[in-house]
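Asks: Take this structure, written in structure tokens, and hold onto it; I'll ask about it next.
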Amino acid sequence: MKILVAEDKNDISNLIKIYLHKEGYDVLIAEDGQKAYELFSGNEIALCIFDIMMPKMNGFVLVQKIREISHVPILILSAKTLDQDKILGLDLGADDYITKPFSSLELVSRVNAHIRRNYGFSNSSNIIKYGELIIDKEKCQVSKNGQNCNLTATEYKLLLKFLSSPERVFTKTQLYTMISDEYIEGDENTILVHISRLREKIETDTKNLEYIKTIRGLGYKLEKR
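Here the sequence shown stands for residues 0 to 224, where the numbers follow numbering that gives the first Met the number 0.
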């Protein structure tokens, strides 16, 4: 899950990034409010952490602009400690307000709490969110936009293989050997069928593929999200 951090002090943003990376989050950093808004518009962001005093666009304005287009959880992290600042931030649409200096562990705890509350699951190694797909490894289940994709065991194993190395190209032989532990000449056609059925279940439009791309003459790869 991608978290957007808007903070003009590199030491603070890098510290936040280190702690959130340990929790398995992908962190995007912006040094000013305008850059943060551009990153938000171009990415699928799960949660935002915004400072207030930033160049080009302050945190209050940024919260307002994000709220015009999204209900994503927003945490304000600011040195402004006055009650009126906290009230203004929350009234503008922020979900939480943390004052500096802050505890990194508390920040991570609050981030996890908002993720659980807004997306219905914890950020554990058993849950993978990839684009619009949610993969529950404990239940061996894949859903998209809240709907079960009803993958077969083979389709599920193929998807996990792709997820293990996004952007890596897998040959048909490699994929077939992975799902069957052996390879017999001519079995590449079987992979074609499995890939086709998997695409039908996870792609929005099989003519405009978002996830599994064909690399002509080589095999298949999962597009990086």
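Heads up, the beta-carbon is just placed ideally off N, CA and C, and yes, glycines get one too.
Go ahead and label Pro54 buried or exposed: buried means 16 or more other beta carbons lie within 10 angstroms of its beta carbon, across all protein chains shown.
Replies: Pro54 comes out exposed.
Asks: Whole angstroms is fine: what's the gap from Ile114's alpha carbon to Glu22's?
Replies: Distance between the alpha carbons of Ile114 and Glu22 is about 12 Å.
Asks: Counting Cβ pairs, one atom from each stretch, are 3 or more of them under 8 Å apart for the segment 40-48 and the segment 69-84?
Replies: Contact between the segment 40-48 and the segment 69-84 is present, because at least three Cβ pairs lie under 8 Å.
Asks: With a Cβ-Cβ cutoff of 8 Å, do Gly92 and Thr170 count as a contact?
Replies: No.
Asks: Between the beta-carbon of Ala5 and the beta-carbon of Gly88, is there less than 8 Å?
Replies: No, Cβ-Cβ distance for Ala5 and Gly88 is not below 8 Å.
Asks: Kindly provide the ranges of any alpha helix (DSSP H) runs that are 4 or more residues long and lie completely inside the segment 127-199, ordered along the chain.
Replies: Qualifying alpha helix (DSSP H) stretches, in chain order: 152-163 and 171-179.
Asks: Specify the secondary structure class of Ile218 as computed by DSSP and reduced to three states.
Replies: Looking at the sequence shown, residue 218 is not Ile but Gly. Three-state result, Gly218: strand.
Asks: Quick one: Cα of Val168 to Cα of Lys220, how far?
Replies: Each residue's Cα considered, the two are about 5 Å apart.
Asks: Classify Val192 as buried or exposed, calling it buried when 16 or more other Cβ atoms lie within 10 Å of its own Cβ.
Replies: Val192 should be labelled exposed.
Asks: Give a yes or no on contact between the segment 156-164 and the segment 197-211, applying the rule of three or more CB pairs nearer than 8 Å.
Replies: Contact holds: three or more Cβ-Cβ distances are below 8 Å.
Asks: Considering only the alpha carbon of each residue, which of Lys8, Leu61 and Glu131 lies closest to Glu222?
Replies: The residue with the shortest Cα to Cα distance from Glu222 is Glu131.
Asks: For my contact list, Ser103 and Tyr24 are in at a C-beta cut-off of 8 Å; report their separation, rounded to the angstrom.
Replies: Rounded, the Cβ-Cβ distance is 13 Å, inconsistent with contact.
Asks: Quick one, which of Lys34, Leu3 and Ala29 has its alpha-carbon nearest Asn9's?
Replies: Nearest C-alpha to Asn9: Ala29.
Asks: Go ahead and pull the three-state DSSP assignment for Phe49.
Replies: Residue state, collapsed to three classes: strand.
Asks: I'd like the ranges of any beta strand (DSSP E) spanning at least 3 consecutive residues and lying wholly in the segment 84-121.
Replies: Listed in chain order, the complete beta strand (DSSP E) runs (minimum 3 residues) inside the segment 84-121 are 95-98.
Asks: Can you check whether the CB of Ala78 is closer than 8 Å to the CB of Leu61?
Replies: Going by C-beta atoms, Leu61 is not nearer than 8 Å to Ala78.
Asks: To which residues does DSSP link Val60 through a beta bridge?
Replies: Note: Val60 sits in no beta bridge, so no partner.
Asks: To the nearest angstrom, report how far apart Thr98 and Met0 are at their CA atoms.
Replies: Distance between the alpha carbons of Thr98 and Met0 is about 24 Å.
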